[in-house]
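Have a look at the structure below, then the notes.
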Amino acid sequence: MLVHLGKIDLAHLTMERAIEAAERSQDSLRRSSLLGWMSWLLLHQTGSVDEAKLIAVQEADAIEPKMKQATPEQVSTWGILLISAAVAAAREENVSEADDLINLAEVAATRLEGMGYTSRTVYETQFGLSKVIMQSVDIAVVTGRPTRALKMARKMPPDADLPLASRARHMADKAFAFNRLGKHQEAEQTLLAMRQLAPQWMTYQAYPRSIIRDLWEQQRRSQSANLLELAQWLSIPLS
35 MLVHLGKIDL
45 AHLTMERAIE
55 AAERSQDSLR
65 RSSLLGWMSW
75 LLLHQTGSVD
85 EAKLIAVQEA
95 DAIEPKMKQA
105 TPEQVSTWGI
115 LLISAAVAAA
125 REENVSEADD
135 LINLAEVAAT
145 RLEGMGYTSR
155 TVYETQFGLS
165 KVIMQSVDIA
175 VVTGRPTRAL
185 KMARKMPPDA
195 DLPLASRARH
205 MADKAFAFNR
215 LGKHQEAEQT
225 LLAMRQLAPQ
235 WMTYQAYPRS
245 IIRDLWEQQR
255 RSQSANLLEL
265 AQWLSIPLS
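Counted from 1, the sequence shown has number 82 at position 48 by this note's numbering; the numbering is strictly sequential.
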């Protein structure tokens, strides 16, 4: 909540205290999960990419489970940390490391499915194959591989049990990839579908706005009525 209110320093302080409390509780998995949250905070809100990756990688290494004896909670927590590390590596433009880490996360998700769970929520964080696919698409987009992003997106199950915000963000990544490949109509249709799915989420996000601006700039000679409607709905000034 503090992050959404723009109180980043307070959010960081709160996370530090939460991790300290988890250490006193002797619940090692809770501490590991909170370190994943801290990695996210450092990456997306403070720009500390190196530290974000280091925290996630070190904790993932420390709790790596023996798959045959592991519980669903252990596998899920490990997988969540691997995703955090992979996303940070992608922001560092370390493509091979990001791919290696997200592939390990896929191993964890596959093991979880073998236990009878398509996904598992541990300490308020969801993990499963759908989450891995979503982040694989994000990593491909961030590292400049739109073709790979759309290839990975095709693996997403139609009934993926992702939270609404995650599904909308995934659609934004797809729209971005379509646009980068010059598939403007597909990008536009994806944005329209996003508005239908999560209009409130979309109105507060900079990402879809930037995609709409890019599409408008690239279609100056034949601007779409739907694209204009989207821009007006989001109050995006267009030249």
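Glycine included, C-beta positions come from ideal geometry on N, C-alpha and C.
Being a predicted model, the structure only gives us computed values, none of them experimental.
Notebook entry, point to check: Helix, strand or coil: how does DSSP classify R179 here?
Noted result: Three-state result, R179: coil.
Checklist line | Length of the line joining the Cα atoms of A96 and M35 | finding: Using only the alpha carbons, I get a separation of about 29 Å.
Check: From R64 to D207, what does the alpha carbon distance come to, in whole angstroms?
Finding: Inter-residue distance for R64 and D207 is about 30 Å (C-alpha atoms, whole angstroms).
Notebook entry, point to check: Per DSSP, which one or two residues make a beta bridge with F161?
Noted result: Its beta-bridge partners are R154.
Note to self: Contact between the region 219-239 and the region 196-206 is defined here as three or more beta-carbon pairs at a separation below 8 Å; is this criterion met?
What the structure shows: Three or more Cβ pairs drawn from the region 219-239 and the region 196-206 lie within less than 8 Å of each other, which places the two stretches in contact.
Next item on the list: Using 10 angstroms around the beta-carbon of Q252, count the other beta-carbons present and answer buried if the total reaches 16, otherwise exposed.
Entry: Flag for Q252 reads exposed.
Check: Between A132 and A123, which are expected to be in contact by the criterion C-beta below 8 Å, what is the C-beta distance as a whole number of angstroms?
Finding: About 4 Å; that satisfies the 8 Å criterion.
Check: Would DSSP call E251 helix, strand or coil?
Finding: Helix at E251.
Note to self: What would DSSP say about N128, mapped onto helix, strand or coil?
What the structure shows: The DSSP-derived three-state label of N128 is coil.
Check: Which same chain residues, not among the five before or five after D195, have their C-beta less than 6 Å away from its C-beta?
Finding: Excluding positions up to five away in sequence, the list reads S153.
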